[in-house]
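J.:
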Amino acid sequence: MADLTELTSRVPIIVSYRDAKAEDNAALAEFARNSFVDSFGHTYRPEDLARFLDESYSPQIQGRELADPQVETRLAMRGRKIVGYCQVRALGLPIDGVDPKDAIELRRLYLSPMVQGSGIADRMICWAFARARARGAKDVYLGVWSQNLRAQRFYARHGFRSAGSYGFRVGDQIDEELILRASAVPC
């Protein structure tokens with residue numbers, strides 16, 4: 000007999016996708032904060048983590064990002080609950096020799112643990128590639144923590160390859176962040 004975990008992992012997860020709206024700022028901030036803490040919180044001192052979360056994921060900051068025409072945010076929804084999101088924007092990573100008109104940045108791709116492995120991230124990547132092409136960009140760049148091997152494997156499956164690295168600051172801690180690049184080809 001299969002255990003409950005095995006059975007529930009086979010049940011399809013039904014989600015809908017939509018563009019984020021200004022009024023999503025508080026729910027998006029809460030989801031983003033929780034996702035970051037769940038994934039990376041154990042690696043930082045509490046004061047560094049708190050400062051980073053306030054500087055990156057407050058409702059006010061999410062509101063500004065949602066109002067910025069250069070930032071596009073796609074939500075994966077299960078009912079009225081955010082279970083994932085993907086955000087693209089003009090290239091902001093520290094990489095030389097790239098014409099900003101030819102590239103965009105996949106800034107964030109976070110999923111709730113309950114939907115990881117369900118195919119939602121694949122759909123979000125396809126959305127990011129489509130948004131790149133709609134903007135006339137040839138390439139998509141992203142930053143990923145050097146120790147996040149699961150994410151690196153996922154991105155490699157979608158054609159992302161190494162393009163450099165930089166120091167990613169969380170409070171007083173600086174981590175090595177890999178810069179990856181992929182051609183914005185249709186999925």
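In numbering that gives the first Met the number 0, the protein residues as written are 0 to 186.
Cβ coordinates follow ideal geometry from the N, Cα and C atoms, glycine included.
Predicted model only: the values in this text are computed from it and were never measured.
(1) Put residue 142 into one of helix, strand or coil per three-state DSSP.
(2) Quick one: residues in its chain with C-beta nearer than 6 Å to the C-beta of residue 77, no 5 flanking neighbours on either side, listed in chain order?
(3) Rounded to a whole number of angstroms, what is the C-alpha to C-alpha distance between residue 181 and residue 93?
(4) Quick test of the definition: if touching needs 3 or more C-beta pairs under 8 Å, does the region 89 to 103 touch the region 44 to 51?
(5) My guess is that residue 73 and residue 52 are in contact by the Cβ rule of under 8 Å, so how many angstroms apart are they, rounded?
(6) Label residue 28 either buried or exposed according to how many other C-beta atoms from any shown protein chain fall within 10 Å of its C-beta, with 16 as the threshold for buried.
(7) With a 10 Å radius around its C-beta and 16 neighbouring C-beta atoms as the bar for buried, classify residue 130 as buried or exposed.
(8) Identify the residues that DSSP records as bridge partners of residue 81: which are they?
(9) Would you mind reading off the limits of the alpha helix (DSSP H) that contains residue 36?
(10) Which residues in the same chain as residue 106 place their Cβ atom closer than 7 Å to its Cβ, once the five residues preceding and following it in sequence are excluded?
(11) Identify whether residue 95 lies in helix, strand or coil by the three-state DSSP scheme.
(12) Strictly by DSSP, which residues pair up with residue 167?
(13) Between which two residues does the alpha helix (DSSP H) containing residue 56 stretch?
T.: Looking at the coordinates:
(1) The count along the sequence shown starts at 1 and reaches residue 142 at position 143. Of the three classes helix, strand and coil, the one that applies to residue 142 here is strand, per DSSP.
(2) Indexing the sequence shown from 1 puts residue 77 at position 78. Counting only Cβ-Cβ distances below 6 Å, and skipping sequence neighbours, we find 14.
(3) For the purposes of this step, residue 181 is taken as the residue at position 182 of the sequence shown. For the purposes of this step, residue 93 is taken as the residue at position 94 of the sequence shown. Cα-Cα distance, rounded: 16 Å.
(4) No, the region 89 to 103 does not touch the region 44 to 51.
(5) Taking the first residue of the sequence shown as 1, we reach residue 73 at position 74. Taking the first residue of the sequence shown as 1, we reach residue 52 at position 53. The pair is not a contact, with the Cβ atoms about 22 Å apart (cut-off 8 Å).
(6) Here residue 28 refers to the residue found at position 29 when the sequence shown is read from its first residue. Under this definition residue 28 is a buried residue.
(7) Numbered from 1 along the sequence shown, position 131 holds the residue referred to as residue 130. Flag for residue 130 reads buried.
(8) Here residue 81 refers to the residue found at position 82 of the sequence shown. In DSSP, residue 81 forms a bridge with 76.
(9) Taking the sequence shown and counting its residues from 1, one reaches residue 36 at position 37. Element bounds for residue 36: 24 to 39.
(10) For this step, residue 106 is matched to residue 107 along the sequence shown. Counting only Cβ-Cβ distances below 7 Å, and skipping sequence neighbours, we find 86, 87 and 88.
(11) Translated into positions along the sequence shown, residue 95 becomes position 96. Residue state, collapsed to three classes: coil.
(12) The sequence position of residue 167 within the sequence shown is 168, counting from 1. Partner(s): 174.
(13) Numbered from its first residue, the sequence shown carries residue 56 at position 57. First-last for residue 56: undefined, no H or E at that position.
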